[in-house]
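These notes concern the structure reproduced below.
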Amino acid sequence: MVVAENFRIAFKALRANKMRSVLTTLGIIIGVAAVIAVVSLVQGLQYVITKELQGVGATYVMVLPAQDDNRGPGIVARQVRLTWDDGRAILDQVPGIRLMTPLIGGRATVKYRDRQHDPDFVFGVNQNWPEVSNYTVDRGRFFSRLDLAERRKVAVIGPDIVDELLLGPDPVGRPIYVGNLPVTVIGVMEKRGVSLGTDIDNLVFVPFDTALALFGRSAADQVQLRLQTDSAEVVEQVKDEITRVLRVRHRIAEGQPDDFEVVLQDEILKTVGSILGSVTAVVGGVVGIALLVGGIGIMNIMLVSVTERTREIGVRKAVGARRQDVLVQFLIEAVTLSLVGGGLGVGLGFALGAGVAKALPGDWPAAHVPLWAVLLALGFSVLVGVFFGIYPAGKASRLDPIEALRYE
Amino acid sequence: MALIELRDVRKVYDMGAERVHALAGVDLDLERGEYVAIMGPSGSGKSTLMNLLGCLDTPSAGSYHLNGVAVESLNDVELAAIRNREIGFVFQTFNLLARTSALENVELPLVYAGVHRRERREKASRALARVGLADRARHQPSELSGGQRQRVAIARALVNSPSILLADEPTGNLDSATSEEIMGLFDDLHGQGNTVILVTHEAEIAVHALRRVLLRDGRVVSDERPAARDGA
Ligand SMILES: Nc1ncnc2c1ncn2[C@@H]1O[C@H](COP(=O)(O)OP(=O)(O)O)[C@@H](O)[C@H]1O
Ligand SMILES: [Mg+2]
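Chains as they are written, first to last, in our numbering: chain A, 1043 to 1450; chain B, 81 to 312.
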C-alpha cells in the first residue's frame, strides 16, 4: 500500500483526536524544544568565545596569581604574590616571548567637570597591551614607552566613557579624573561591545605605574601577566619555562603546588568546550528522559488507538489488508505523532532560544539553530515513534480478522 | 472444476471445559454464477461457514478449494490477496469506517490492491452508482440510513470485481421494505453474472436465492434447488 495513503490516514486519525494527540506528544515537544533551545544558546556562546579567543590568537598566554583556596588546609598560607618583577624576570630568562604586559585592575570613579561615572574596570597596563590583547585605538593613541617611563598622567578610555562623561566629539586632550588622579585623555579605544559579560567599551586604561599609585601597594602583589609568544609552536615550551622561573623565584619546594597559573588559549578553549560539553550532557540526559516519557506516552496512546479501532482493523483485513499493511499504518501513525511533536518542539525551542538570547545582555548573536540540530531532533522523534510504535502496531497487525470484526 | 469445494470441513472451538463443534463435517460444492441462501437456526454454524468461505478464518480440519487453490495451505499474505480480489464480504452490521466518506469506504479494497488514486476514484464512483448512491459519495456513514449504509457496503464488496459475493445476514439490521430493496440489488447483481452466497434465517429473504442449503448443528441437513426457478 502506498505510504502517502498511510500518512493521510494517520493525519486523519490525529485530527480526530487533536487535544489527545498534542498532550501525548508533550514529552516529545519538551524534549525537542530543550535540544533546540540549548543548541542555539550553546552555539551562540561558542560563537562569542571563539570570536574573542581567535582575536588574541594561539600565541596568547596568561599568567595569574593562584587563588588562595588552592592551598591545602592546615598549611599556613603564604601570601600569594605575582609582581611585575616576576614578569621582568620571565622576559629576561624565558626565550620565545615577543611582547608582555602586566595587568592590574581595580575600580575607580571617573569625573569630567560635573559629570561622573563608574567604569567596569580601570586597568593598569603597559604600551604592549593593544598588541598583546588585540585591541585597537580608534582615536588618538595608546601610551608609549615614554609615557610609562616618565609616569605621565594619561589615560585611554573606552567609547562608553566618552558618552557618559559627555566628552564631546573631540575627547582627546580633555582633562579628567580617575579616582583622585588628574589625567589627560590621549586615546579612545574602538567600539567592541559586550563580551563574556564584560562591557569592553566601558573600560579605562592607565599606565601600569599610575595604576599602582591609584590602587596602592597591595595591587602590586596581584599582577597578572599577558604575553604573546613568537609562534604557536613554542607556547608549551614558554609555559614550562615560565613555570620553572616562577617556582625558583617564589621558592616553591619540590612537590608543593604552584602559587600561580599559566593559562594557554587552547586550554581556555578546552575548558570552555568541557563546560559546554557538560551542559550539553546534562541537557542531553534531560532530553533523553523527556523523549523516553514522550515515547511511552505515544506507546500508550497507540495501544488505546489500536483497541479503539479494533473493528476498523478487522474491516481493513477483511477487504484485503495484509499484516504488514496494518503494521505500517499504525507505525506511520506513531511516527507522525512523534514527528508532529518534534516539529512543534523545534518551533518552540527556536522561540525559546531566540527569547533567551534577546534577554541576555550585549551583542549575543541572533539565535541560530544549525540544520543538523533540527534534523537530529526530528530524526530522534522518528526513532522514538518507530521504537515505541512498533509494539502497538505489531499488536494491531496480528489481530485475527474475525475476532477484530466481532469486537464491541 | 467447481468454484468452491468443501470436503469434510470442521471448525472446533476449544472453550476449555467443552469443545464446540461449530462445523461438524461440511461437504459443499458451489459453481460460478450460483445464487445460494444458507439457512439454519441461530448457532447452527452459518457465520462460521461464511467466514471460512471468505478466507477470514481457516478450518480446523478438512479442505477448502477456491478456484482450485487449497486455501488452508495459504499464508497471511496469500489469504489477504484472496480476500482482496476473490471475495466481496457484506456484513450484517455494515462495518463501514466511521468519519470516512462513502466513496473512500468503497475505495478501501482498491487501496490494498495497489490501485492508483485516480483509477480508485473512478471505480469506486462506478460501484456507488451501481448501488444507486452516486449522489451520496461525500456522505459519511453517520449521515446515511441503514439501507444506504448497506448499499455502500455492497458497493465496497463489488468494487474489486470479486469471484464471490458473501453476505452474512445482510438484511438482519434493516426493516422489511429496505430488506426487499437490498435483496433486489442482490438479484440484479446475480443477474449480471455474479456469484452470490447469503446467510439468512428468514424464508422471505431466502426465496430470492436459487439454491437453499440448510445447516443444523454444524452439518448440512438439506440442499435443494426449487424447481420453479431452477435453470435460471
Ligand atoms: N469465536 C468463537 N468462540 C467460541 N465459540 C464460537 C465462536 N464463534 C462461534 N462459536 C460457536 O459456534 C457455533 C456456531 O456459531 P455461528 O457460526 O456464529 O452460528 P450462526 O451464525 O449460525 O448463528 C455457536 O455455538 C457459537 O457459539
Ligand atoms: Mg451468524
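For glycine and all other residues, C-beta sits at the position ideal for the given N, C-alpha and C.
- Just so you know, the alpha carbons of B/E249 and B/I118 end up roughly 10 Å apart.
- Sorting B/P121, B/N147, B/R200, B/F171 by C-alpha distance to the C-alpha of B/L136 places B/F171 at the top.
- CA-CA distance, B/D156 to B/K91, rounds to 19 Å.
- Sequence-ordered contacts of the stretch 116-145 of chain B with chain A read N131, L136, D137 [C-beta pairs closer than 7 Å].
- Around the Cβ of A/L1065, a 10 Å sphere holds fewer than 16 other Cβ atoms; the residue is exposed.
- Among the residues of the stretch 1046-1062 of chain A, those with a Cβ less than 8 Å away from any Cβ of chain B are E1047, K1054, A1058, in the order of the chain.
- Excluding residues up to 5 positions away in sequence, G1356 lie with their Cβ nearer than 6 Å to the Cβ of A/L1447 in the same chain.
- Taking 4 residues as the minimum length, the alpha helix (DSSP H) runs contained wholly in the stretch 221-253 of chain B are 226-238, in order along the chain.
- In this structure, B/D248 has its beta carbon less than 7 Å from a heavy atom of ligand 2.
- Put simply, the residues with a CB less than 6 Å from any heavy atom of ligand 1 are B/Y93, B/M95, B/V100, B/A102, B/G120, B/S122, B/G123, B/S124, B/G125, B/K126, B/S127, B/T128, in chain order.
- Counting C-beta atoms within 10 angstroms of its own C-beta, A/Y1089 has fewer than 16 neighbours from the protein chains shown and is therefore classed as exposed.
- For A/I1242, there is no enclosing alpha helix (DSSP H), since its DSSP letter is neither H nor E.
- The DSSP assignment places complete alpha helix (DSSP H) segments of no fewer than 4 residues inside the stretch 1073-1161 of chain A at 1126-1135, in order along the chain.
- At least 8 Å separates the beta-carbon of B/A235 from that of B/L269.
- For A/E1375, the closest Cβ of chain B is not nearer than 8 Å.
- DSSP links B/E304 through a beta bridge to B/R292.
- Shortest Cα-Cα distance from B/R299 to any of B/L83, B/M81, B/D88, B/R231 involves B/D88.
- Secondary-structure assignment with DSSP links B/E261 through no beta bridge to anything.
- Here DSSP, grouped into helix, strand and coil, assigns A/H1410 to coil.
- Between B/F266 and chain A, the shortest Cβ-Cβ separation is not below 8 Å.
- By the Cβ neighbour-count rule, A/M1344 is buried, with 16 or more other Cβ atoms within 10 Å of its own.
- Between the stretch 221-234 of chain B and the stretch 1379-1391 of chain A there are fewer than three C-beta pairs closer than 8 Å, too few to call the two in contact.
- A/K1233 places its beta carbon 8 Å or farther from that of A/V1103.
- Proximity of B/N175 to chain A, defined by a Cβ-Cβ separation below 8 Å, is satisfied.
- Per DSSP, reduced to three states, the secondary structure at B/H281 is coil, with no helix or strand assignment.
- At a cut-off of 8 Å between beta carbons, B/V106 makes no contact with chain A.
- Under a criterion of Cβ atoms nearer than 9 Å, no residue of chain A is adjacent to B/D215; the nearest Cβ is some 24 Å distant.
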